[in-house]
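Residue numbers (our numbering): 36 to 202.
Structure, rendered in structure tokens:
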């Protein structure tokens with residue numbers, strides 16, 4: 036059976052996540068335009084040319100007991116959404132009006148970048164422990180859709196939650 040667009044792009048986001056070298060989470064992001072063309076992809080990990088955490092002797096956050104969703108600046112890596120946005124900028128690709136598919140809901144830092152990049156919609160699979168992110172996305176006019184499998188594309192999945200300016 037042919038997958039719907041959301042299933043297709045979420046599947047690609049999962050494959051993109053498999054490239055991550057993060058020892059805690061493997062997260063992938065795909066940004067597409069209104070014509071369903073892929074503009075950019077990203078996964079979480081260190082900037083180009085930096086040593087990966089396994090070669091550093093492990094995760095600096097884990098060694099220091101930093102909880103997920105906190106102190107994001109204390110990490111060598113960038114988030115998948117950040118890498119996708121930065122990659123688009125590096126290549127001169129316009130993101131205004133695009134849609135982001137991500138394996139996790141964006142954090143508040145990524146939410147700020149999403150709003151400023153002009154991304155209009157975010158589809159995500161898993162929640163992320165950052166309540167401020169939703170406020171930023173809502174106030175920034177970004178529609179959020181929690182995706183729970185192919186059934187959510189038809190509106191029949193119990194787990195689908197559309198967040199359009201209301202929390």
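Even glycine gets a Cβ: it sits at the ideal position worked out from N, Cα and C.
Next on the checklist: Going by beta-carbon coordinates alone, are residue 120 and residue 133 separated by less than 7 Å?
Outcome noted: no
Next on the checklist: Quick check on the DSSP output: the alpha helix (DSSP H) that includes residue 76 runs from which residue to which?
Outcome noted: Element bounds for residue 76: not the alpha helix (DSSP H) but the beta strand (DSSP E), 73-78.
Checklist entry - What distance in whole Å lies between the Cβ atoms of residue 144 and residue 107, which are believed to be in contact at a cut-off of 8 Å? => result 6 Å
Checklist entry - Given a threshold of 16 other Cβ atoms within 10 Å of its Cβ, counted over all protein chains shown, does residue 130 qualify as buried or as exposed? => result buried
Item to check | Nearest residue (CA-CA) to residue 61, options 86, 115, 125 and 162 | outcome: 115
Checklist entry - Between the beta-carbon of residue 142 and the beta-carbon of residue 163, is there less than 7 Å? => result In this structure, residue 163 lies closer than 7 Å to residue 142 by Cβ.
Item to check | Contact under 7 Å by Cβ, residue 123 with residue 85 | outcome: no
Checklist entry - Got a sec? Which residues, its chain only, sit under 8 Å from residue 59 by beta carbon, not counting five neighbours each side? => result 94, 96, 97 and 103
Checklist entry - Measuring CB to CB, does residue 47 end up less than 7 Å from residue 135? => result no
Next on the checklist: Which residue marks the beginning of the beta strand (DSSP E) containing residue 160, and which one marks its end?
Outcome noted: 156-161
Item to check | residue 136 in three-state terms, based on DSSP | outcome: Looking at residue 136 - three-state DSSP - the assignment turns out to be strand.
Item to check | Pair within 7 Å by beta-carbon distance, residue 234 and residue 50 | outcome: Only positions 36 to 202 of the chain appear in the structure, and residue 234 is not among them; the question remains open.
Next on the checklist: Between which residues of its own chain and residue 197 is the CB-CB distance below 6 Å, once the five residues before and five after are set aside?
Outcome noted: Interpretation of residue 197 is limited by its pLDDT of 46, a score under 50 that renders its predicted location unreliable; no figure is taken from the coordinates.
Item to check | residue 140 burial status per 10 Å Cβ neighbour count (16 or more: buried) | outcome: buried
Item to check | Rounded C-alpha distance that separates residue 81 from residue 118 | outcome: 9 Å
Item to check | Limits of the alpha helix (DSSP H) - the one that residue 171 falls within | outcome: From DSSP, the alpha helix (DSSP H) with residue 171 extends over 166-174.
Checklist entry - If you check the beta carbons only, do residue 146 and residue 113 fall under 7 Å apart? => result no
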